[in-house]
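Peer 1: One line per chain: the protein sequences are A and B, in this order. The first sequence begins at 1 in my numbering and counts up by one. The second sequence begins at 10001 in my numbering and counts up by one. Attaching a single structure in structure tokens format; questions to follow.
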Amino acid sequence: MMCVCLDGANWLTFFCQPVKSWNGLTLRKPIDMEKRELIQRQEATLLDLRSYLFARQCTLLLFLQRPWEVAQRALELLHSCVQELKLLEVSVPPGALDCWVFLSCLEVLQRIEGCCDRAQIDSNIAHTVGLWSYATEKLKSLGYLCGLVSEKGPNSEDLNRTVDLLAGLGAERPETANTAQSPYKKLKEALSSVEAFEKHYLDLSHATIEMYTSIGRIRSAKFVGKDLAEFYMKKKSPQKAETYLQGALKNYLAEGWALPITHTRKQLAECQKHLGQIENYLQTSSLLASDHHLTEEERKYFCQEILNFASEQTDSPGHKVVLPMHSFAHLRDLRFTPSNAVVHVGGVLSVEITVCSQMPVPVHMDQIAISVHFSIEKNSYRKTAEWLTKHKTSNGIINFPMETSPFPASQNSLPALELYEMFERSPSDNSLNTTGIICKNVHMLLRRQESSTALDTPSGVALDDGAPVLKCCGVTLEPGANTITFRTQAKEPGTYTLRQLCASAGPVCFVLPHLYPLAQYDVYSQEPQLHVEPLAGKASDAEHSSLSNDSTVREPFVKKAKLCCWQSLECACYLQTSSLLASDHHLTEEERKYFCQEILNFASEQTDSPGHKVVLPMHSFAHLRDLRFTPSNAVVHVGGVLSVEITVCSQMPVPVHMDQIAISVHFSIEKNSYRKTAEWLTKHKTSNGIINFPMETSPFPASQNSLPALELYEMFERSPSDNSLNTTGIICKNVHMLLRRQESSTALDTPSGVALDDGAPVLKCCGVTLEPGANTITFRTQAKEPGTYTLRQLCASAGPVCFVLPHLYPLAQYDVYSQEPQLHVEPLADSLLAGIPQKVKFTVTTGHYTVKNGDSLQLSNVEAMLILCHTENKAVIYSNTREKASDASLRVQSSDKVTSISLPAAPAYHMIEFELEVLSLPSAPAAGGEGGSTMLGMTEAQRKPKDTQKADHCMATTDHKVSIECPWSIYSTVIALTFSVPFRTTHAVLSAGTRKYIQVCVQNLSELDFRLSDSDLVDTGDSTDLQLLPLNTKSQQHICSRQSVFFVWELTWTREPPPSLRGRFSMEFRPASEERLSISLKPYTYEFQVENFFTLYTVKAEILPPAGTELCRTGSLCALEVSITRLSDLLEVDRDEALTESDEYFSTKLMYEVVDNSSNWAVCGKSSGVISMPVVAQATHRVHMEVMPLFAGYLPLPDVRLFKYLPHHSAHSSQLDADSWIENDSLSVDKHVDDQLDSSSIKSRGSVHSAASSEHKGLPMPRLQALPPGQVFNSSTGMQILVIPSKDDHVLEVSVT
Amino acid sequence: MEGGLNQAWKSSVRGQASASATVKRLQEVVCQETASSRGPGGERVLALGPGPPEENYPLYIRSVPTENELKFHYMVHTSLDVVDEKISAMGKALVDQRELYLGLLYPTEDYKVYGYVTNSKVKFVMVVDSSNTALRDNEIRSMFRKLHNSYTDVMCNPFYNPGDRIQSRAFDSMVTSMMIQVC
């Protein structure tokens, strides 16, 4: 930029003429001839010259395709022109320059837009946005100048100014005259009215903001937005302003710019006041009242605003405004009185807080309250009065750190995690065994999930409503520090945590949502107690307490104690070093012995002072090699004996006699004890009981050896009230071992690092001499309380010297359980068989119950099950580890209802086992008593007997429930025993002409072999007409497992027709393995019934070779003659629907059917038909058919089947012509679909009657009923006929089947 | 001179590896302003603010005509847009060798805003009256270097927590002298 600051340059005066025209740059003409002339005439003003020069530059740059440079240079030009005019002190009417700049900006922008496309412009916003924002700025200042922004509109002065400005614009240039959006027109329009100005200003502002945002200049966009907000505020539309102010404030807060924050907040406060957002306004006011960047007056004003609101709104009590406290006051410290924050129930506790008010004036608060969280500590045994008073010795003052940087301020309202340390003590030795970190205010955190978008709004503060509070009413907070005291009377024992601090004035509450660090007080309740102590023992205590009260007296005592300690420490160090040297193989034997002796000497010398002990780590003395539990699964019942055998490698050169070797044990009652049942333990713990301890390979660094390993467990806990998970953590169960280790010793080999686990229970073994090398030591203990015991420390002591292995790793544990007595009854075999004596094993697990003499089991008898009493019943008593302890006899006494088994005396945790024989009486299986099924069964049996045998292998079962009363329980145990019937029986009726035979098949389903004897079949129907002749062998029969035996009887009768047979089959059976049984067994029985077995018809089929030939040939038609003969006169069984009667003459309808299932024969023509059979003895019906053999050889004859042909309805049958029925049999064939071909041939034959057949088509079909097979005897079954091959070659077929 | 400064700066950063991580995140805004229109005495403000790149809060900010401080705060804050733009435009490859001086960020009618970014991304911003023609690019550059040196001294103070507002008296007096000299 050229320098125009030269002093005394005459030519400059020329440019100092007052500016009279401000019509902006003209860039649309390549050369502005007007201005050129002015310059030539030396009449050009500064602006004219500048304009002309820039127009020329612009033309060139655009010609060079550098439009963005035009924008950049334009901005510089405009800035420097303004500066130059200022420097030259040119008189410019107010607003004139603004007009010129505005017009020029728009002119440049329009010029650039004119030569670029949209996409180019969009991608180069960064270059043009400066002009846009400059134009916006100028338009804004013009608006303010001309009174276009004010509420009332421009006054006369403003109007005059506007007119002057418009005059300076002159007339519109001709080149833009017809452009609608020319800068000139825009400006003129904008200045013409308030509305037009608003429109143009908003357009421009929004465009600028949009452009800034699009190129990521967020801060600039917010700044323009703030101007816009100011405009809106002037225009009385605060709701529009608020968005922009919030946006800007958010940005400033995020980046921590204090002055812009204060300024914007002030604007926002005004805006919120107009909008009536009371809470937000109060919040902003409180922030401003505490803002040190404001003047005192301003702060007071905002503070007063809050107080005014508070005093005004007292009449509507329901409405509360909750504001965060950090803007109002700051909690500095908190002090409990009494200082240990422990009070008994009914005692008075006072809490004193110091609050720094940040308000500029004293503020009167109606009430200040601290809300308190109350929890009853679970491990309340800890919180005894003594414990509390002893352990809580803080000075009762809690200091709250000032939040140093308030940025970002929005974070303040988040509640902090209330993390507590958790401690739990083991119930047995009261040692700390659990620590963890838990969060106790999850519900406050979960509430915070919904995040508020607005920035300074107080919605983020959750007021802990329901909680108990400490209150203090009517407090005036002076600016600066104030001290407030709360008093409370303790009511319920427990722990109280101060949670929230809330200062309220009328409806306005300032809330500190959480107090950090935590402030707690405890309330305890104490049972009255009486202590009686000997005075003598108390003496030292008394001295102690007096000492502790008087610090001057205390001093020498402490010194003495220290000296004592020092001496013992020195001594311990020496012993430690000695023990290390004694085990050092680099020394000679003599030297080692010497050092060893030193230790022993010390041990033997010091036996007189029993109180003093020297504790040394064991690793230098001996090494634990392995550990073995007996029983090996390390599970014992209560009262049982457990032995622990350890192998210790002594590293001393000589045998060392130890007074005692002890293992200290940590006892814990498992919470999830349901898992630790005796069964679970015995099943899951199957290790061999040996634990090997690895030798520490390298003793360097030796000092590491004594560090106990962390025992870490997961922990979950649920709150008792709502069962929600409120605690998780990782806890360490051997904290007491670790915590003791905190004090580190500087000297290396000193033993001070070894902690002796004093109070724990121990396993002891006294008077042991450790030889050099491996030694085995056995500890015995009797288990007392159920639970899990962990072996912790190994301690070998000789006199006052203790060698301690501070931890055993890997973990060695044993479990002690307590078990309820139990009774188990189970069959000895896989399944119990009914009918024969079976053994059942009874097992009594005594558990903690001792079985005394006279204790007995009372079994209630079941009718169908016998308990067989033998005189020589034996019971075996096993110990818990399945070792046989003793034999005992068992007495079993049976009465009608109860069988009593007197148990032998057995100690607790033993098992009594004995066997009893039971016999389930076979209940006769119900066989088919119904005639139909019997008949059908018979057919099956006749045809393929093998299939039925295979069919089913499932044995029928019967359940017997026995209730047993045990001596240890008032409840009786119910035991179900399932017996299986070993046999399955079927029966069949076999025919030979009119002779009948009954066949009974007995199938053995069991795994046992049986002997069968005395088989018998009797007719239980008591009819003398029937006789059964056995055709069986009389001797015993052997039936193997899974096999069948058949029995046959011939059935004869004296009166025809024979009645139905009710048969009962019975047989004796006994297991084949046992020669003789002590008791007689009940026979096996099977009952059945057969009916209608008398033969009514015989069917005889015969095939005759064609006439003139001797033998049948394949391919040639042969004659099939079927004769059906009735054997009896009318019988009862014939009286059914098929029977027709006319003049004492009875006939029945039968249907025959020739079926050849093996395809040996081709039946030519009709294969089936219905015949009317006279019901007279020896009535014979003959049917002639033609069949053709298809194969050569001995062919079985085709089957001829006979059915009873029942009319569909008896009423119809009487009306219809019998003949038509016979001939229209095609209708009746509803059974065999494969006979369709034949049927069609029948039809063709009976074509004469086709009309008649069609008549009956719509009628229901007649039915076929199979004749009971016992009633039909096929005399040609099994006959064969020889067929020879035909001589014609072309029909020769060879088939191998 | 500049190289030397860079060297010194780098070595101090490398010397304290742990400290350098914190320093890297700091940003510094220095604002200097001369307003001759207020009178011949000329006043200036220097402000400086640290914070992670996202935060951009002032480590130190000072303006001499205190009555118009707010305006300059807004101006410096807005100028950070351009600083960010310039830094990201420079690319990552040249971070080590790049020029620390960013030049004129943007002109306004009355003021010129200059920027400077250290290797650890601490930003210095200076606002000068545009009528003050005595200040050319070279002067601005050397002022920034002075500022940077002084800032380095502040950072080397073991009692200074990186990220805290600068309250060093030495830094303060250096800024004051610079502002008086300029006017």
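C-beta: ideal position from N, C-alpha, C; glycine also. Computed from a predicted structure; not experimentally measured.
Flag this pair as yes or no: are the beta carbons of Arg-219 (chain A) and Asn-251 (chain A) separated by less than 8 Å?
Peer 2: Residue 219 (chain A) sits at position 219 when you count from the first residue of the first sequence. Residue 251 (chain A) sits at position 251 when you count from the first residue of the first sequence. Yes; because the gap between Cβ atoms is below 8 Å, this pair is in contact.
Peer 1: Buried or exposed: Phe-693 (chain A), going by 16 or more other Cβ atoms within 10 Å of its Cβ?
Peer 2: Numbered from 1 along the first sequence, position 693 holds the residue referred to as residue 693 (chain A). Buried is the call here.
Peer 1: Which stretch, first to last residue, makes up the alpha helix (DSSP H) that contains His-79 (chain A)?
Peer 2: Your numbering for residue 79 (chain A) matches position 79 in the first sequence. Run containing His-79 (chain A): 67-87, per the alpha helix (DSSP H) assignment.
Peer 1: Between which residues of its own chain and Pro-18 (chain A) is the CB-CB distance below 6 Å, once the five residues before and five after are set aside?
Peer 2: To locate residue 18 (chain A), count along the first sequence from 1; it is residue 18. Same-chain partners within the cutoff: Ser-91.
Peer 1: Just to confirm the assignment, what range does the alpha helix (DSSP H) spanning Trp-132 (chain A) have?
Peer 2: For the purposes of this step, residue 132 (chain A) is taken as residue 132 along the first sequence, with counting starting at 1. From DSSP, the alpha helix (DSSP H) with Trp-132 (chain A) extends over 125-145.
Peer 1: In the stretch 804-868 of chain A, which residue ranges form an unbroken beta strand (DSSP E) of at least 3 residues, counting only runs that do not cross its ends?
Peer 2: DSSP runs (the beta strand (DSSP E)) wholly in the stretch 804-868 of chain A: 812-817, 822-827, 838-845, 856-860 and 865-868.
Peer 1: From A:Leu-1139, A:Phe-223, A:Ile-215 and A:Cys-146, pick the residue whose C-alpha is nearest to that of Lys-188 (chain A); which is it?
Peer 2: By one-based count along the first sequence, residue 188 (chain A) stands at place 188. For the residues A:Leu-1139, A:Phe-223, A:Ile-215 and A:Cys-146, the minimum Cα distance to Lys-188 (chain A) belongs to A:Cys-146.
Peer 1: Can a CB atom of chain A be found closer than 8 Å to the CB of Glu-10099 (chain B)?
Peer 2: Here residue 10099 (chain B) refers to the residue found at position 99 when the second sequence is read from its first residue. Output row for Glu-10099 (chain B): interface = no.
Peer 1: Contact criterion: CB-CB distance below 8 Å. Does Glu-10139 (chain B) meet it with respect to chain A?
Peer 2: Counting from one through the second sequence, the residue named residue 10139 (chain B) turns up at place 139. Not one chain A Cβ lies under 8 Å of Glu-10139 (chain B).
Peer 1: Report the residues of the stretch 244-275 of chain A with a CB closer than 9 Å to any CB of chain B, ordered along the chain.
Peer 2: Answer set for the stretch 244-275 of chain A: Asn-251, Tyr-252, Ala-254, Glu-255, Gly-256, Trp-257, Ala-258, Leu-259, Pro-260, Thr-262 and His-263.
Peer 1: Indicate the three-state DSSP secondary structure (helix, strand or coil) for Asp-158 (chain A) in the structure shown.
Peer 2: For this step, residue 158 (chain A) is matched to residue 158 along the first sequence. Looking at Asp-158 (chain A) - three-state DSSP - the assignment turns out to be helix.
Peer 1: Report, in whole angstroms, the separation of the C-beta atoms of Pro-324 (chain A) and Leu-275 (chain A), which I expect to be a contact under 8 Å.
Peer 2: Your numbering for residue 324 (chain A) matches position 324 in the first sequence. Your numbering for residue 275 (chain A) matches position 275 in the first sequence. Their Cβ separation, rounded to whole angstroms, is 20 Å, which puts Pro-324 (chain A) and Leu-275 (chain A) out of contact at 8 Å.
Peer 1: With 16 as the cutoff for other CB atoms within 10 Å, does Val-1248 (chain A) come out buried or exposed?
Peer 2: As a first step, residue 1248 (chain A) must be located in the first sequence, where it is residue number 1248. Here the model assigns Val-1248 (chain A) a pLDDT of 36, short of 50, so the residue's position is not dependable, and the following value carries that caveat. The residue is exposed, with fewer than 16 neighbouring Cβ atoms inside 10 Å.
Peer 1: For a contact defined as C-beta to C-beta under 9 Å, what are the partners of Gly-130 (chain A) on chain B?
Peer 2: Residue mapping note: residue 130 (chain A) aligns to position 130 of the first sequence, counting from 1. Near Gly-130 (chain A) (Cβ distances below 9 Å), the residues of chain B are Tyr-10106 and Pro-10107.
Peer 1: How many Å lie between Leu-646 (chain A) and Ser-604 (chain A) at the Cα?
Peer 2: As a working note, residue 646 (chain A) is residue 646 in the first sequence. As a working note, residue 604 (chain A) is residue 604 in the first sequence. A small correction: the amino acid at residue 646 (chain A) is Ile; Leu does not occupy that position in the sequence shown. Cα to Cα, Ile-646 (chain A) sits roughly 25 Å from Ser-604 (chain A).
Peer 1: Got a sec: is the Cβ-Cβ distance from Gln-83 (chain A) to anything in chain B below 8 Å?
Peer 2: Taking the first residue of the first sequence as 1, we reach residue 83 (chain A) at position 83. Yes, because at least one Cβ of chain B sits closer than 8 Å to the Cβ of Gln-83 (chain A).
Peer 1: Look at Phe-983 (chain A) and Thr-958 (chain A) and say whether their C-beta atoms are less than 8 Å apart.
Peer 2: Mapped onto the first sequence, residue 983 (chain A) falls at position 983. Mapped onto the first sequence, residue 958 (chain A) falls at position 958. Contact: no.
Peer 1: Note down the Cα distance separating Tyr-10151 (chain B) from Asp-10164 (chain B), rounded to an integer number of angstroms.
Peer 2: Counting from one through the second sequence, the residue named residue 10151 (chain B) turns up at place 151. Counting from one through the second sequence, the residue named residue 10164 (chain B) turns up at place 164. Rounded to the nearest angstrom, the two C-alpha atoms are 13 Å apart.
Peer 1: Where do the ends of the beta strand (DSSP E) carrying Lys-10123 (chain B) lie?
Peer 2: Numbered from its first residue, the second sequence carries residue 10123 (chain B) at position 123. That run of the beta strand (DSSP E) goes 10123-10129.
Peer 1: What are the residues of the stretch 193-220 of chain A that lie near chain B, defined by any Cβ-Cβ distance shorter than 9 Å?
Peer 2: Going along the stretch 193-220 of chain A in chain order, one finds Tyr-212, Ile-215, Gly-216, Arg-217, Ile-218, Arg-219 and Ser-220 with a Cβ nearer than 9 Å to chain B.
Peer 1: Does Glu-1109 (chain A) pass the burial test, meaning 16 or more other C-beta atoms within 10 Å, or should it be called exposed?
Peer 2: In the first sequence, the residue the question calls residue 1109 (chain A) occupies position 1109. Note that residue 1109 (chain A) is Thr in the sequence shown here, rather than Glu. The residue is exposed, with fewer than 16 neighbouring Cβ atoms inside 10 Å.
Peer 1: With a cut-off of 8 Å, does the C-beta of Ser-10168 (chain B) fall near any C-beta of chain A?
Peer 2: Locating residue 10168 (chain B) in the second sequence gives position 168, where the first residue counts as 1. No, Ser-10168 (chain B) lies away from the interface with chain A (no Cβ there is under 8 Å from its Cβ).
Peer 1: Please classify Gly-346 (chain A) as buried or exposed, where buried requires at least 16 other C-beta atoms within 10 Å of its C-beta.
Peer 2: Locating residue 346 (chain A) in the first sequence gives position 346, counting from the first residue. Burial call: exposed.
Peer 1: Name the residue from B:Met-10090, B:Gln-10167, B:Ser-10130 and B:Tyr-10106 whose alpha carbon lies nearest to the alpha carbon of Asp-10153 (chain B).
Peer 2: For this step, residue 10153 (chain B) is matched to residue 153 along the second sequence. Cα-wise, what sits closest to Asp-10153 (chain B) is B:Gln-10167.
Peer 1: Hey, would you say Ser-831 (chain A) sits closer than 8 Å to Phe-1273 (chain A), going by beta carbons?
Peer 2: Here residue 831 (chain A) corresponds to residue number 831 of the first sequence, with the count starting at 1. Here residue 1273 (chain A) corresponds to residue number 1273 of the first sequence, with the count starting at 1. No, the pair does not count as a contact, with Cβ atoms beyond the cut-off.
Peer 1: What does Glu-76 (chain A) reach in chain B if we use C-beta pairs closer than 7 Å?
Peer 2: Within the first sequence, numbered from 1, the residue matching residue 76 (chain A) stands at position 76. Neighbours of Glu-76 (chain A) on chain B, chain order: Pro-10107.
Peer 1: Please check if any C-beta of chain B sits within less than 8 Å of the C-beta of Leu-88 (chain A).
Peer 2: Locating residue 88 (chain A) in the first sequence gives position 88, counting from the first residue. So, not an interface residue.
Peer 1: Tell whether a beta-carbon distance below 8 Å holds between Leu-10105 (chain B) and Val-10083 (chain B).
Peer 2: Translated into the one-based positions of the second sequence, residue 10105 (chain B) becomes position 105. Translated into the one-based positions of the second sequence, residue 10083 (chain B) becomes position 83. Yes, these two residues count as a Cβ contact at 8 Å.
Peer 1: Using a Cβ distance threshold of 8 Å, determine whether the stretch 761-769 of chain A contacts the stretch 586-597 of chain A, with at least three qualifying pairs required.
Peer 2: The stretch 761-769 of chain A vs the stretch 586-597 of chain A: no contact.
Peer 1: Among the residues of its own chain, which have a CB less than 7 Å from the CB of Lys-1287 (chain A), if the five just before and after it don't count?
Peer 2: Position 1287 of the first sequence holds residue 1287 (chain A). Excluding residues within five positions, none has a Cβ falling inside 7 Å.
Peer 1: Leaving out five residues before and five after Lys-874 (chain A) in sequence, what residues of the same chain have Cβ atoms less than 7 Å from its Cβ?
Peer 2: The sequence position of residue 874 (chain A) within the first sequence is 874, counting from 1. Correct list, in chain order: Asp-887, Ser-889, Leu-890 and Phe-914.
Peer 1: Of the residues A:Thr-483, A:Val-469 and A:Leu-62, which one's Cα is nearest the Cα of Gln-489 (chain A)?
Peer 2: Walking along the first sequence from the start, residue 489 (chain A) turns up at place 489. Among A:Thr-483, A:Val-469 and A:Leu-62, the Cα nearest to that of Gln-489 (chain A) belongs to A:Val-469.
Peer 1: Can you have a look at Glu-1054 (chain A) and say buried or exposed, based on whether 16 or more other CB atoms are within 10 angstroms of its CB?
Peer 2: As a working note, residue 1054 (chain A) is residue 1054 in the first sequence. Going by the sequence as given, residue 1054 (chain A) is Thr instead of Glu. When all chains shown are included, Thr-1054 (chain A) counts as exposed.
Peer 1: To the nearest whole angstrom, what separates the beta carbons of Ala-988 (chain A) and Gln-999 (chain A), a pair I think is in contact under 8 Å?
Peer 2: Translated into the one-based positions of the first sequence, residue 988 (chain A) becomes position 988. Translated into the one-based positions of the first sequence, residue 999 (chain A) becomes position 999. Their Cβ separation, rounded to whole angstroms, is 5 Å, which keeps Ala-988 (chain A) and Gln-999 (chain A) in contact under 8 Å.
Peer 1: Once you ignore the five residues that flank Ala-96 (chain A) on each side, which residues in its own chain have a CB closer than 7 Å to its CB?
Peer 2: Residue mapping note: residue 96 (chain A) aligns to position 96 of the first sequence, counting from 1. The answer, listed in chain order, is Val-19, Trp-22, Leu-165 and Gly-168.
Peer 1: Can you pull out the residues from the stretch 10051-10082 of chain B whose beta carbon lies closer than 7 Å to at least one beta carbon of chain A?
Peer 2: Correct list: Gly-10051, Glu-10055, Asn-10056, Tyr-10057, Pro-10058, Glu-10069, Leu-10070, His-10073, Tyr-10074, His-10077, Thr-10078, Leu-10080 and Asp-10081.
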